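Protein sequences, first through last, are from chains A and B. For the first sequence, the numbering used here gives the first residue as 167, with consecutive numbering after it. For the second sequence, the numbering used here gives the first residue as 582, with consecutive numbering after it. These notes are about the structure you will find just below.
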Amino acid sequence: GEDVEQSLFLSVREGDSSVINCTYTDSSSTYLYWYKQEPGAGLQLLTYIFSNMDMKQDQRLTVLLNKKDKHLSLRIADTQTGDSAIYFCAESLRDTGRRALTFGSGTRLQVQP
Amino acid sequence: DAGVTQSPTHLIKTRGQQVTLRCSPISGHKSVSWYQQVLGQGPQFIFQYYEKEERGRGNFPDRFSARQFPNYSSELNVNALLLGDSALYLCASSYLDSSGGAKDTQYFGPGTRLTVL
């Protein structure tokens with residue numbers, strides 16, 4: 167089955183690192199994504215990782231994937247107030263050409279100055 | 582380059598009415614997907630279209646339909662609107678290369694906020 171779970175809320179101080187966690191259940195996933203959504207806006211793609219990778223780094227963002235535990239995390243270094251938003255983890259199922267994304271409920275990141 | 586565009590940005594309808602939402606994908610992208618995002622939840626997959634053909638459908642009633650045009654733009658239609666259809670409707674485009682890889686990554690538009698009264 168398809169199920170993606172995230173914690174609802176995370177609060178950090180400006181300059182600290184943020185770690186947002188996600189668990190997924192479908193072992194056939196091939197791509198896992200992180201999206202950012204600011205109030206009233208669409209989804210901004212932050213980064214993605216292939217399921218045959220363990221880690222991916224992209225500037226302030228580090229994605230870690232633990233395939234055994236089906237656990238995905240997004241680390242934001244030197245968190246800024248502009249990083250305050252809702253972060254969604256999503257998995258993409260690769261079957262018969264369909265690339266539908268299954269999203270978690272989102273983690274609201276609050277950055278305190 | 583322009584990103585994914587959607588129109589209108591906001592829409593207010595009453596129960597029982599019909600609505601049409603429009604989406605233009607990123608230039609060069611051949612696939613369009615539609616998602617519904619109810620307040621406080623993550624987006625839910627509705628449809629995916631590729632080369633004018635439906636490639637996938639989520640768990641939504643037949644009141645929801647869509648189509649894709651030769652220029653790869655798409656319309657989402659919802660008939661007999663219910664209060665529960667109030668949501669942000671997101672369109673995403675991707676290249677959907679059959680060989681897979683990063684080209685299948687979906688890029689989202691700003692959404693259409695539909696309010697049903």
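Note that the Cβ used here is the ideal one computed from N, Cα and C, for glycine as well. All of these numbers come straight from a predicted model, not from anything done at the bench.
- Relative to the Cα of TYR676 (chain B), the nearest Cα in the group B:THR590, B:ILE607, B:PRO642 and B:GLY623 belongs to B:ILE607.
- Checking the DSSP bridge columns, you'll see GLU171 (chain A) partnered with A:THR189.
- Counting the other Cβ atoms within 10 Å of the Cβ of LYS633 (chain B) gives fewer than 16, which makes it exposed.
- Here DSSP, grouped into helix, strand and coil, assigns GLY637 (chain B) to strand.
- With contact defined as three or more Cβ pairs closer than 8 Å, the segment 168 to 186 of chain A and the segment 211 to 223 of chain A are not in contact.
- In the three-state reduction of the DSSP assignment, ASP685 (chain B) falls in the helix class, which pools H, G and I.
- Excluding residues up to 5 positions away in sequence, ARG603 lie with their Cβ nearer than 6 Å to the Cβ of SER588 (chain B) in the same chain.
- In this structure, the alpha-carbon of TYR670 (chain B) lies about 20 Å from that of ASP685 (chain B).
- Taking a Cβ-Cβ cut-off of 8 Å, PHE645 (chain B) has no neighbours in chain A, whose nearest Cβ is about 15 Å from it.
- Measuring C-alpha to C-alpha distances from GLY208 (chain A) to each of B:GLY690, B:GLN622 and B:VAL697 identifies B:GLY690 as the nearest.
- Within the DSSP bridge table, the entry for SER612 (chain B) names B:TYR631 and B:SER675 as partners.
- Around the beta carbon of THR245 (chain A), 16 or more other beta carbons sit within 10 angstroms, so the residue counts as buried.
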